[in-house]
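Chemist: Residue numbers (full-length UniProt numbering): 1 to 226. Think of the CB as a built atom: it goes at the ideal place given N, C-alpha and C, for glycine as much as any other residue. As the structure is a computational prediction, the values presented were derived from the model and not from experiment.
Here is the structure:
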C-alpha cells in the first residue's frame with residue numbers, strides 16, 4: 001500500500017478473472033476487485049488482515065505528500081546506502097535503483113533503519129555513496145560462520161560416577177570448581193555428589209538437578225577447549 005501511494009498506482013490483483021458466485025457483493029458491484037492498474041491518490045486507507053489462527057488486525061493509514069520536499073532534498077555531506085541480499089545480483093540491482101531514488105530523504109532514512117540489524121540468510125552485503133564525485137557500488141559476500149550447538153537431554157541422563165572419566169581434563173575440573181564456589185553459599189557439596197558411587201545418590205531430586213546442570217556446563221567447557 002505504501003508503494004502504491006508512492007507510485008500513485010494501485011496494482012491489479014493477479015489471476016482474477018471471474019467473481020465468486022457465492023459472494024453477492026462482487027456480483028452486484030458493491031465490492032469491486034481491482035483487476036487492472038488504476039490511479040491511486042487516496043489520503044486515508046484502511047487495511048484489514050484476517051489470520052487463519054484467529055488474529056485479526058485493522059489499521060488506518062494517513063498519507064502525506066512529501067513530493068515537493070523529496071525533489072529538492074540534497075544531502076550536505078556524502079551519505080552511504082547499505083543493502084544486503086541473498087545474491088550479489090539482488091544487491092547490485094537494489095543499489096542501482098536506490099541511487100535513482102537517493103533524492104528522497106525519507107527513502108534514504110528508511111534504508112538506514114533497515115540496515116541497523118543484520119538480516120538472516122542475506123550473505124551478500126553492498127554499499128554505495130551518494131552525493132560524491134565518483135559513485136561506485138561495492139558488493140561482497142560475508143562468509144557466515146558455522147556454529148556448533150550443544151544440546152543435552154536433561155533429566156534422566158545422569159548416573160552415579162558419571163564424571164569419573166572426565167576429571168582428568170583441566171577444563172572440566174576448572175568448570176566444576178567454579179560451580180562448587182557458587183554452591184558453597186548454599187551448603188551443597190557438588191564434588192561429593194559427582195564422585196559418589198552410591199546407586200541411590202540421584203534419587204534425591206536436588207542432587208540430580210544440580211549435579212547434572214553443573215556436569216553439562218563443565219562438559220561444554222571441555223568441548224570448547226578442544
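(1) Would you report the Cα separation of residue 143 and residue 187, rounded to the nearest angstrom?
(2) State the start and end residues of the unbroken beta strand (DSSP E) segment that holds residue 44.
(3) Comparing alpha-carbon positions, which option in 32, 224, 62, 17 lies nearest residue 5?
(4) Counting along the chain, where does the alpha helix (DSSP H) carrying residue 141 start and finish?
(5) Per DSSP, what kind of secondary structure is residue 62 in: helix, strand or coil?
(6) Can you tell me which of 23, 138, 191 puts its alpha carbon nearest to the alpha carbon of residue 161?
(7) Excluding five sequence neighbours on each side, which residues of the same chain lie with their C-beta closer than 8 Å to the C-beta of residue 20?
(8) At what residue ranges does the region 136-206 contain a whole run of the alpha helix (DSSP H), taking only runs of 4 or more?
(9) Counting only the same chain and skipping the five closest in sequence on each side, list residues whose C-beta sits under 8 Å from that of residue 37.
(10) Using only alpha-carbon positions, find the residue among 180, 158, 99 that is nearest to residue 198.
(11) Under three-state DSSP, which class holds residue 84?
(12) Quick one: measure Cβ to Cβ for residue 81 and residue 108, integer angstroms, because I've assumed they're closer than 8 Å.
(13) Taking residue 4 as part of the alpha helix (DSSP H), name the residues at either end of that continuous run.
(14) Give every residue of the same chain whose Cβ lies closer than 6 Å to the Cβ of residue 141, excluding the five residues on either side of it in the sequence, and list them in chain order.
Modeler: Quick look at the numbers:
(1) 48 Å
(2) 44-50
(3) 62
(4) Note, residue 141: premise wrong, no alpha helix (DSSP H); beta strand (DSSP E) at 137-141.
(5) Note: residue 62 maps to strand in three-state DSSP.
(6) 191
(7) For residue 20, the CB contacts under 8 Å within the same chain, skipping 5 residues up- and downstream, are 26 in chain order.
(8) 170-183, 190-195
(9) Correct list, in chain order: 9, 10, 11, 12.
(10) 158
(11) strand
(12) 7 Å
(13) 2-7
(14) 123, 124
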